[in-house]
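Taking my numbering, the leading residue of the sequence shown gets 15, the next gets one more, and so forth.
By construction, the Cβ of each residue, glycine as well, lies at the ideal position given by its N, Cα and C atoms.
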Amino acid sequence: MDSKKYTIQKTPFVVPTTDGKLIEEHFGNASHAGALSIAHMIAPAGWSEPFQTPEFDEYTYIIKGKKQFTIAGDVVVLEAGQSIKIEKDTRVQYANPFEEPCEYLAICLPAFSMDLVHREEETE
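Written out as structure tokens, the structure reads:
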């Protein structure tokens, strides 16, 4: 019996979105059950999400472009080659208010789940 000790992901799960953001989950609850999730994302120019207070640590690595984080009242902008860890139970908003798309990797521990993200209702 040939039991491999590795998994190659050639067809990540593309998460359906309504905001123009591309989410390709390579490992996580949507693709492979596991302890963490790894997703490749592209946020279009002008994109933003509502504030959320996740029950997971989130690590973000910027590949191209810039991404804005509003974290407990601080506004942080990361550029290509920079990364950040946001600890669980921290109120945060992710956005790309810039003119170019932002490509990045997101790693969540434990794995991302809508039940754990606690997004706030958007207000106009």
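Query                                                                                                                                            : Result
Would you kindly work out how many angstroms separate the C-alpha atoms of I85 and S17, rounded to a whole number?                               : 44 Å
Roughly how many angstroms lie between the CA atoms of F27 and L36, to the nearest whole one?                                                    : 11 Å
Out of E113, K102, S97 and N43, state which residue places its alpha-carbon closest to the alpha-carbon of W61.                                  : E113
So what does DSSP say about V131, is it helix, strand or coil?                                                                                   : helix
Using DSSP's beta-bridge definition, name the partner residues of N110.                                                                          : W61
Under the rule that 16 or more other beta-carbon atoms within 10 Å means buried, what is M128, buried or exposed?                                : exposed
Since Q66 and V106 should fall inside the 8 Å C-beta cutoff, what is the C-beta to C-beta distance between them, to a whole number of angstroms? : 6 Å
Between L130, A120 and I56, which has its C-alpha nearest G34's C-alpha?                                                                         : I56
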